[in-house]
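Visitor: Below are the structure tokens for one structure; questions will follow.
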DNA sequence: CTCACACTGTGAATCGTTTCACATAAAAAG
DNA sequence: CTTTTTATGTGAAACGATTCACAGTGTGAG
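Shown next, in the form of structure tokens:
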């Protein structure tokens with residue numbers, strides 16, 4: 117067995133760290149395309165490079181995102197994502213509330229939703245975040261898709277009707293909470 | 117065919133509204149325990165009652181929740197969940213930042229994390245929300261579980277090590293965002 | 001009354017994901 | 001050099017969730 121986990125690491129050690137099975141780790145690394153050796157496991161530096169190459173845009177390229185709806189959540193997300201990934205930046209926010217328009221909020225310029233299509237196209241924005249009230253989410257999504265956005269994170273409760281080739285991540289916090297509350301209630305007190 | 121969707125509704129109409137298949141709706145209602153009739157579909161009023169009986173505590177009972185970490189996200193969640201479900205209420209928040217201690221923040225009393233165990237036990241809190249920085253999440257989770265919490269919503273990036281009988285909903289926004297960005301990049305430009 | 005229709009409830013098939021388990025390989029020990 | 005050990009990569013099995021498809025049933029039409 118090689119010394120410590122200095123430069124190399126085994127699948128089962130990685131697995132332990134992230135609470136999954138070793139098989140899962142190996143399977144995932146397979147799709148990432150990096151392969152280790154039975155003798156030393158995975159070369160940490162190279163593995164890391166490989167994962168980053170797989171996951172993020174080539175060095176230098178930057179993906180742009182926009183967020184619609186900057187209520188409590190929108191602003192929290194804005195702060196959360198700002199500076200987290202150098203390769204992804206939220207460059208514009210959209211609102212219908214006229215109070216917030218044309219100001220910089222949480223470090224991000226806020227525009228009227230009507231200008232969204234133009235700005236998305238001009239700036240080449242590919243990722244959209246939707247935190248508007250339920251009723252407006254489809255409307256916003258339609259604008260996003262039409263303007264060329266390729267991936268959407270949707271926090272509204274109603275699943276969006278979206279073309280097949282646009283990726284959507286539906287995040288329904290109310291439902292998640294219902295699940296937690298439900299199971300918390302099931303277990304014997 | 118019965119008149120309009122006044123008092124009754126068919127699985128395929130429900131399915132359309134929430135963007136799933138009719139079979140899925142019927143399957144779900146099966147587990148909820150309500151059964152309709154081929155003639156009229158589901159009685160909306162009774163269906164609703166049945167779902168609520170399945171999903172929420174009996175009328176009058178209230179589940180209590182606590183949140184640990186009231187940064188931007190914590191506060192947004194606090195506002196988001198307050199008043200959303202009469203049957204679930206966030207009754208306490210915990211922080212390590214001494215600035216925030218012993219004040220009411222977003223309508224919720226903020227305590228030192230050290231008092232968490234006592235307060236959870238005293239008040240019979242069963243649901244915990246964790247929005248603390250990554251490094252502290254396991255520490256908080258251990259306190260929660262030890263104090264008797266039965267369901268946890270975890271927003272920290274590291275999955276928690278938790279006994280089998282406590283339900284955990286892991287919500288990893290950074291990973292969700294990575295997925296969206298990844299797929300947005302894959303599609304042909 | 002009988003027939004045709006439309007919908008439900010559910011067993012069986014399908015699909016995507018996770019886990020198992022083993023052939024293979026490289027190092028270390030003898 | 002040969003044997004033993006331990007880890008990888010991956011085909012195949014297991015699992016969970018979704019979808020198909022159809023028998024059963026009540027209703028309205030004729």
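Residue numbers (the working numbering), protein chains in the order written: chain Y, 117 to 305; chain P, 117 to 305.
For each residue, glycine too, the CB sits at the ideal point set by N, CA and C.
1) Could you say if the region 261 to 277 of chain P and the region 296 to 305 of chain P meet the contact criterion of at least three C-beta pairs nearer than 8 Å?
2) What does the alpha-carbon distance come out to for the pair residue 203 of chain Y and residue 178 of chain Y?
3) Quick one, which of P:173, P:209 and P:168 has its alpha-carbon nearest residue 225 of chain P's?
4) Counting only beta-carbon separations shorter than 8 Å, does residue 268 of chain P have a partner in chain Y?
5) Check whether the Cβ atoms of residue 273 of chain P and residue 258 of chain P sit closer than 8 Å, and answer yes or no.
6) Does DSSP put residue 124 of chain Y in a helix, in a strand, or in coil?
7) With H, G and I counted as helix, E and B as strand and the rest as coil, what does DSSP make of residue 181 of chain Y?
8) Given this structure, state the Cα-to-Cα distance separating residue 190 of chain P from residue 183 of chain P, to the nearest angstrom.
9) Of the residues Y:270, Y:125 and Y:282, which one's Cα is nearest the Cα of residue 152 of chain Y?
10) With DSSP collapsed to three states, give me the class of residue 211 of chain P.
11) I think residue 306 of chain P touches residue 236 of chain P, with their Cβ atoms under 8 Å apart; what is that distance to the nearest whole Å?
12) Using a Cβ-based criterion (distance less than 7 Å to any ligand heavy atom), does residue 278 of chain Y qualify as near the ligand HEM?
13) Report the neighbours of residue 295 of chain Y on chain P: residues whose CB is nearer than 7 Å to its CB, in chain order.
14) How far does the alpha helix (DSSP H) with residue 236 of chain P in it reach, from first residue to last?
15) Alpha carbon to alpha carbon, how far is residue 262 of chain P from residue 231 of chain Y?
16) Does the CB of residue 143 of chain P have a neighbour CB from chain Y at under 8 Å?
17) Looking at residue 269 of chain Y: is its Cβ nearer than 8 Å to the Cβ of residue 269 of chain P?
18) What is the rounded straight-line gap between the Cα of residue 290 of chain Y and the Cα of residue 197 of chain P?
19) Considering only C-alpha positions, which residue in the set Y:131, Y:214 and Y:147 is nearest to residue 141 of chain Y?
20) Counting along the chain, where does the beta strand (DSSP E) carrying residue 190 of chain Y start and finish?
21) Identify whether residue 256 of chain Y lies in helix, strand or coil by the three-state DSSP scheme.
22) Of the choices P:233, P:128 and P:248, whose alpha-carbon is the least far from that of residue 185 of chain P?
23) Let me know the secondary structure DSSP gives residue 280 of chain P once reduced to three states.
24) Against chain Y, does residue 292 of chain P count as a neighbour if the rule is that its beta carbon must be under 8 Å from one of theirs?
25) Flag residue 191 of chain P as yes if its beta-carbon sits less than 8 Å from any beta-carbon of chain Y, otherwise no.
Guide: So, to answer that:
1) no
2) 5 Å
3) P:209
4) yes
5) no
6) strand
7) strand
8) 7 Å
9) Y:125
10) strand
11) Outside the shown range of chain P, which is 117 to 305, sits residue 306 of chain P, and nothing can be said about it.
12) No copy of the ligand HEM occurs in the structure displayed, which carries no ligand at all.
13) 285
14) 232 to 239
15) 52 Å
16) no
17) no
18) 8 Å
19) Y:131
20) No beta strand (DSSP E) contains residue 190 of chain Y, which is instead part of the alpha helix (DSSP H) from 188 to 197.
21) helix
22) P:248
23) coil
24) yes
25) yes
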